[in-house]
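In full-length UniProt numbering, the protein residues as written are 1 to 426.
All C-beta atoms in this analysis are idealised placements derived from N, C-alpha and C, irrespective of residue type, glycine included.
Heads up: the structure comes next, in structure tokens.
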Ligand code: ADP
Ligand code: MG
């Protein structure tokens with residue numbers, strides 16, 4: 001295709017030049033090539049499906065994991081003013097949704113979640129349209145190797161096959177080769193038919209450090225002394241909600257900093273308020289679980305500290321990648337006390353529910369909540385034809401993977417060579 005992409009970028013978006021990886025990806029998309037684009041957060045991945053609207057005919061369907069992300073993207077397109085965008089998700093009332101489904105053809109961009117897309121009427125309505133571009137944002141969520149596995153992403157394979165889009169675009173910031181391969185496998189896409197565009201994740205402005213301490217109490221006092229000197233804003237990651245909450249309270253009381261805890265157990269309104277306060281610098285430090293991060297677009301985070309060993313290198317790279325997006329120096333610090341790798345929270349995936357319990361849940365005699373924090377995942381499998389025995393095997397495999405990932409992280413902690421090299425080449 002002989003198209004002046006830079007002219008299109010200037011004319012429609014007002015930017016003077018492409019960021020690394022953007023032009024290579026757009027060229028492939030406009031040539032009709034399915035593409036996996038692995039570009040760091042903030043690289044401008046949304047443009048990769050926004051710009052093709054000006055050069056392709058048909059609907060652009062974007063699947064993303066969080067409602068807030070979808071709404072934000074749809075608003076941006078609406079502000080741009082050239083095309084109409086709609087968000088289809090579970091917050092739209094059922095009867096409104098039926099009406100909406102009849103008018104889908106009026107929209108150039110449709111944003112939705114995997115759960116909504118898997119619903120019969122939604123897929124049926126989309127099948128009436130010509131889908132020019134099928135976009136999976138945060139595509140690493142489809143991989144069981146990835147730090148944010150979402151079983152509902154596994155239904156995207158079927159949705160794509162049903163919709164037969166002109167081009168498929170998979171977007172992610174985190175995909176070491178193993179995860180990249182797994183994404184394609186789970187989408188049933190042949191690797192030789194997919195172009196991969198990868199931009200290095202090296203972040204020269206991030207200072208990487210590991211601070212070994214003798215015991216957990218030493219971590220607490222180290223932080224108390226360190227944080228006031230670091231300035232903010234900053235994020236501290238914990239492997240349990242309880243610890244994140246306790247530490248937030250303690251730091252709030254014993255330092256002059258504004259500290260808040262953030263985890264998936266908080267009400268959505270509370271989470272939203274905390275995000276806003278953090279964005280507006282009313283909170284200096286967030287003590288968080290891994291639930292914090294996706295969709296957080298704050299570019300002046302000065303440090304990301306891990307109080308506990310992270311779940312794996314991919315998760316670690318993703319979490320520290322939130323620091324210093326403005327290009328100014330930032331710190332990625334990992335605290336380690338001997339024995340941290342055996343923290344029960346990290347290995348909780350090994351606590352498999354007994355088959356008898358699973359049978360009870362499947363039969364509807366017991367509420368899925370007895371399955372604990374993994375209830376959603378387990379429920380998903382059970383409703384997609386996986387037997388309790390298969391599920392046991394899957395979960396055993398998951399816990400082996402979890403152990404393997406923790407070993408990789410230990411390698412990072414213990415290495416006497418360059419930590420940056422270790423992260424980049426794992
Ligand atoms: P990602 O999804 O990769 O994290 P976004 O798509 O949210 O990144 O884009 C981050 C920001 O970069 C947005 O404000 C976007 O408008 C801006 N941006 C994208 N492409 C360019 C470009 N070529 N030049 C300047 N700014 C850009
Ligand atoms: Mg994005």
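Pair within 8 Å by beta-carbon distance, residue i and residue j
{"i": "residue 264", "j": "residue 291", "result": "yes"}
{"i": "residue 294", "j": "residue 121", "result": "no"}
{"i": "residue 162", "j": "residue 59", "result": "no"}
{"i": "residue 47", "j": "residue 22", "result": "yes"}
{"i": "residue 315", "j": "residue 235", "result": "no"}
{"i": "residue 184", "j": "residue 36", "result": "yes"}
{"i": "residue 167", "j": "residue 339", "result": "no"}
{"i": "residue 233", "j": "residue 301", "result": "yes"}
{"i": "residue 144", "j": "residue 424", "result": "no"}
{"i": "residue 105", "j": "residue 129", "result": "yes"}
{"i": "residue 305", "j": "residue 341", "result": "no"}
{"i": "residue 382", "j": "residue 366", "result": "no"}
{"i": "residue 189", "j": "residue 82", "result": "no"}
Beta-carbon contacts of residue i that lie in its chain and below 8 Å, excluding the five residues immediately before and after
{"i": "residue 78", "result": "84 and 85"}
Buried or exposed (CB count within 10 angstroms, at least 16 for buried), residue i
{"i": "residue 319", "result": "buried"}
{"i": "residue 45", "result": "buried"}
{"i": "residue 414", "result": "exposed"}
{"i": "residue 3", "result": "exposed"}
{"i": "residue 221", "result": "exposed"}
{"i": "residue 102", "result": "exposed"}
{"i": "residue 57", "result": "exposed"}
{"i": "residue 152", "result": "buried"}
{"i": "residue 214", "result": "exposed"}
{"i": "residue 388", "result": "buried"}
{"i": "residue 203", "result": "buried"}
{"i": "residue 160", "result": "buried"}
{"i": "residue 279", "result": "exposed"}
{"i": "residue 404", "result": "exposed"}
{"i": "residue 212", "result": "exposed"}
{"i": "residue 16", "result": "exposed"}
Length of the line joining the Cα atoms of residue i and residue j
{"i": "residue 150", "j": "residue 38", "result": "19 Å"}
{"i": "residue 417", "j": "residue 411", "result": "10 Å"}
{"i": "residue 422", "j": "residue 271", "result": "34 Å"}
{"i": "residue 218", "j": "residue 335", "result": "10 Å"}
{"i": "residue 134", "j": "residue 157", "result": "11 Å"}
{"i": "residue 349", "j": "residue 99", "result": "Residue placement at residue 349 is poorly supported in this model, since its pLDDT is 48, which falls under 50; the coordinates still yield a value, given next. Rounded to the nearest angstrom, the two C-alpha atoms are 42 Å apart."}
{"i": "residue 331", "j": "residue 286", "result": "15 Å"}
{"i": "residue 253", "j": "residue 313", "result": "33 Å"}
{"i": "residue 116", "j": "residue 386", "result": "21 Å"}
{"i": "residue 138", "j": "residue 170", "result": "8 Å"}
{"i": "residue 237", "j": "residue 207", "result": "17 Å"}
{"i": "residue 297", "j": "residue 97", "result": "30 Å"}
{"i": "residue 276", "j": "residue 283", "result": "9 Å"}
{"i": "residue 324", "j": "residue 69", "result": "21 Å"}
{"i": "residue 269", "j": "residue 63", "result": "23 Å"}
{"i": "residue 419", "j": "residue 408", "result": "12 Å"}
{"i": "residue 398", "j": "residue 358", "result": "17 Å"}
{"i": "residue 193", "j": "residue 8", "result": "27 Å"}
{"i": "residue 243", "j": "residue 261", "result": "9 Å"}
{"i": "residue 113", "j": "residue 89", "result": "6 Å"}
As assigned by DSSP and simplified to three states, the class of residue i
{"i": "residue 212", "result": "strand"}
{"i": "residue 427", "result": "Nothing can be reported for residue 427: it is not among the residues displayed for the chain, which extend from 1 to 426."}
{"i": "residue 406", "result": "helix"}
{"i": "residue 141", "result": "helix"}
{"i": "residue 350", "result": "Because the pLDDT at residue 350 is just 43, under 50, the model does not fix this residue reliably, and the value given afterwards should be weighed accordingly. It is helical."}
{"i": "residue 234", "result": "strand"}
{"i": "residue 323", "result": "coil"}
{"i": "residue 48", "result": "helix"}
{"i": "residue 116", "result": "helix"}
{"i": "residue 111", "result": "strand"}
{"i": "residue 296", "result": "coil"}
{"i": "residue 15", "result": "coil"}
{"i": "residue 365", "result": "coil"}
{"i": "residue 316", "result": "helix"}
{"i": "residue 131", "result": "strand"}
{"i": "residue 283", "result": "coil"}
{"i": "residue 422", "result": "helix"}
{"i": "residue 278", "result": "helix"}
{"i": "residue 380", "result": "helix"}
{"i": "residue 301", "result": "coil"}
{"i": "residue 6", "result": "helix"}
Cβ-based neighbour list, residue i, same chain, cut-off 6 Å, excluding 5 preceding and 5 following
{"i": "residue 71", "result": "87"}
{"i": "residue 61", "result": "110, 131 and 134"}
{"i": "residue 247", "result": "287"}
{"i": "residue 251", "result": "259"}
Cutoff 7 Å; reference residue i; Cβ partners in own chain excluding five residues on either side
{"i": "residue 19", "result": "43 and 44"}
{"i": "residue 40", "result": "173, 199, 201 and 321"}
{"i": "residue 95", "result": "none"}
{"i": "residue 205", "result": "324, 327, 328, 329 and 330"}
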